[in-house]
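Numbering (this note's numbering), first residue to last: 4 to 209.
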């Protein structure tokens, strides 16, 4: 049995439960819908996708509206969040760590949004491998960007939030990946404010 990292235990426990309570509501889903509409504009038809780090399903709700014919799959480590996401009835949400999710099938798109930033940096290669190996074609990364790795205090906690060039590291690691598109969602956007997230759409070359 693999020992969970400090960060995985943190999100599986009380702090993860508190995050669930804070991050709810239709404005968040609307902002996600606007972000994904831009981020996926250059893709072909997407019939299946996997989100690593689903939380309560805010992203999946937006994606369900945007891609009504797409089969949605989620992965979530926090039991309360997983139960809420599963109860939406729009996706099968697997309870556990993204590092332990089995590679039994692949999806046309794999996605992380606000997840890589909270992982132990030493485990990022394993997270990248999951995003890459589970994807048949597209990978969408929506995270806080910084040109060099940096740690940021997070709600009074250290070692829980890290910014870096996640997409660039994946492009360097996998030679068959190419950058299709990228963008930014600003917290002062008058219509769809988001949390200053940079998104990067990658595609596997044939």
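Backbone N, C-alpha and C fix where the C-beta goes; we use that ideal spot for every residue, glycine too.
#1: With DSSP run on the structure shown, which of helix, strand or coil describes residue 98?
#2: If you compare alpha carbons, which of 143, 101, 159, 194 is closest to residue 206?
#3: Per DSSP, what kind of secondary structure is residue 115 in: helix, strand or coil?
#4: Could you check whether residue 49 and residue 75 sit closer than 8 Å to each other, using their CB atoms as the reference points?
#5: Any contact of the region 116-124 with the region 85-99, i.e. 3+ C-beta pairs under 8 Å?
#6: Hey, is the region 180-187 in contact with the region 34-53, meaning 3+ C-beta pairs nearer than 8 Å?
#7: For residue 85, collect the residues of the same chain with a Cβ closer than 6 Å to its Cβ; drop the 5 residues on either side in sequence, then sort them by chain order.
#8: Quick check on residue 190: buried or exposed, where buried means 16 or more other Cβ atoms within 10 Å of its Cβ?
#9: Please list the segments of the alpha helix (DSSP H) lying wholly inside the region 147-196, counting only runs of 4 or more residues, in order along the chain.
#10: Just to confirm the assignment, what range does the beta strand (DSSP E) spanning residue 51 have?
#11: Using a Cβ-Cβ cutoff of less than 7 Å, which residues in the same chain neighbour residue 179 once the five nearest sequence positions on both sides are dropped?
#12: Grab me the residues of residue 31's own chain with a C-beta within less than 6 Å of its C-beta, minus the 5 sequence neighbours each way, in chain order.
#13: Terminal residues of the continuous alpha helix (DSSP H) containing residue 10?
#14: Please list, in chain order, all residues of the same chain as residue 195 whose beta carbon is under 7 Å from its beta carbon, the five residues on each side excluded.
#15: Can you give me the C-alpha to C-alpha distance between residue 59 and residue 53, rounded to a whole angstrom?
#16: Which residues in the same chain as residue 149 place their Cβ atom closer than 8 Å to its Cβ, once the five residues preceding and following it in sequence are excluded?
#17: Would you mind giving the Cβ-Cβ distance between residue 69 and residue 141, rounded to the nearest angstrom? I have them listed as a contact below 8 Å.
#18: Leaving aside the five residues before and after residue 137 along the sequence, list all residues of the same chain whose C-beta is less than 7 Å from its C-beta, in chain order.
#19: Terminal residues of the continuous beta strand (DSSP E) containing residue 201?
On the basis of the coordinates in this document:
#1: strand
#2: 143
#3: strand
#4: no
#5: no
#6: yes
#7: 79, 96, 98
#8: exposed
#9: 169-176
#10: 51-55
#11: 207, 208
#12: 61
#13: 9-15
#14: 33, 34, 37
#15: 15 Å
#16: 166, 167, 168
#17: Contact flag wrong, Cβ pair sits at about 14 Å.
#18: 53, 106, 109, 110, 113
#19: 200-207
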